[in-house]
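**Student:** Before we start, here is the structure in question, set down as structure tokens.
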Amino acid sequence: MINLFMIFDPISKFSFNWMSLIFFLILIPLNYWLTFSRWSMLWFNILLNFYKNFKLINNLFLNKIFIYINLMSLIFFCNLMNLFPYIFPSPSHMIFSLSMALPLWLSFMIWSYINNLNHMLSHLVPQNTPILLIPLMIYIELISNFIRPLTLMIRLTANIITGHLLMFLLNKLNFSMILLIILINLMMILLEISISFIQALVFSMLTFMYSKEIE
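Heads up: the sequence shown at position 51 corresponds to 374 in the numbering used here, and the numbers run straight through without jumps.
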């Protein structure tokens with residue numbers, strides 16, 4: 324019996340993970356090519372719009388904004404490469420998303436508690452909280468703060484796993500419905516591309532909002 328989750332197994336005889344590096348050479352670095360391609364211009368305009376949106380939310384320095392834009396680009400291209408055959412779906416594993424969410428969250432917390440201790444402690448108790456509820460509210464705020472990297476990890480991982488499982492199940496349908504299967508798969512690929520971009524955007528925006536809270 325075929326295991327439903329075998330597509331997420333990193334141990335494979337025909338694994339072309341290193342071939343994904345060529346994908347970055349084609350799409351990302353502009354200095355390898357003499358002129359801008361249509362894809363490069365489209366991606367440049369998308370990043371420019373996000374840069375303007377980040378500037379509207381908070382007037383950060385240029386290097387700080389690029390951290391979140393690069394984070395979004397990294398997650399999006401990793402998600403996009405997983406749609407190709409024989410490429411290991413790394414974002415479907417919790418260690419991938421946790422390795423990005425946990426260091427960022429820890430750096431925000433350590434910096435804020437060292438430099439803005441009073442500001443961080445004031446967030447533990449909302450305004451106009453009754454005195455009897457203050458201990459309970461402190462525990463609730465601490466728990467909600469500590470689970471933030473876990474929610475980022477689960478949100479990204481669950482959405483990627485769901486899309487891959489749906490495509491895997493569709494490929495196991497009866498071959499007499501081959502035309503319908505091809506049409507549904509094409510629609511699923513378009514849906515997966517949009518989900519890849521949305522999840523990368525949500526991950527970077529939530530990380531940006533978490534960093535904004537400590538200012």
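Here a beta-carbon is modelled for each residue, glycine too, at the ideal position from N, C-alpha and C.
In this structure, how does DSSP classify residue 501 when only helix, strand and coil are distinguished?
**Tutor:** Three-state result, residue 501: helix.
**Student:** How big is the Cα-Cα spacing for residue 513 and residue 506?
**Tutor:** Approximately 11 angstroms between the Cα atoms of the pair.
**Student:** Please state whether the Cβ-Cβ distance between residue 493 and residue 508 is less than 8 angstroms.
**Tutor:** Result yes, Cβ atoms of residue 493 and residue 508 sit closer than 8 angstroms.
**Student:** Classify residue 407 as helix, strand or coil using the three-state DSSP reduction.
**Tutor:** Of the three classes helix, strand and coil, the one that applies to residue 407 here is coil, per DSSP.
**Student:** Answer yes or no: do residue 420 and residue 474 have a C-beta to C-beta separation smaller than 8 angstroms?
**Tutor:** Result no, Cβ atoms of residue 420 and residue 474 do not sit closer than 8 angstroms.
**Student:** So, is residue 362 buried or exposed, given that buried needs 16 or more other C-beta atoms within 10 angstroms?
**Tutor:** So residue 362 counts as exposed.
**Student:** Using 8 angstroms as the Cβ pair cut-off and three pairs as the minimum, do the stretch 523-533 and the stretch 390-405 touch?
**Tutor:** Short answer: they touch.
**Student:** Taking residue 416 as part of the alpha helix (DSSP H), name the residues at either end of that continuous run.
**Tutor:** Residue 416 -> no alpha helix (DSSP H), and no H or E assigned at all.
**Student:** On the three-state DSSP scale, how would you describe residue 412?
**Tutor:** Coil.
**Student:** By Cβ distance below 7 angstroms, which residues in the same chain neighbour residue 472 in space, the five residues on each side in sequence not counted?
**Tutor:** Within the same chain, residue 472 has close Cβ partners 421, 424, 425, 428.
**Student:** Kindly indicate the opening and closing residues of the alpha helix (DSSP H) around residue 487.
**Tutor:** Unbroken alpha helix (DSSP H) run through residue 487: 471-493.
**Student:** Would residue 454 be called buried (16 or more neighbouring beta carbons within 10 Å of its own) or exposed?
**Tutor:** The residue in question, residue 454, is exposed, as its Cβ has fewer than 16 Cβ neighbours within 10 Å.
**Student:** In chain order, what residues of the same chain lie with their CB nearer than 7 angstroms to the CB of residue 519, ignoring the 5 residues before and after it?
**Tutor:** Contacts found: 399, 402, 403.
**Student:** Does the separation of the CB atoms of residue 477 and residue 405 fall below 8 angstroms?
**Tutor:** No, Cβ-Cβ distance for residue 477 and residue 405 is not below 8 angstroms.
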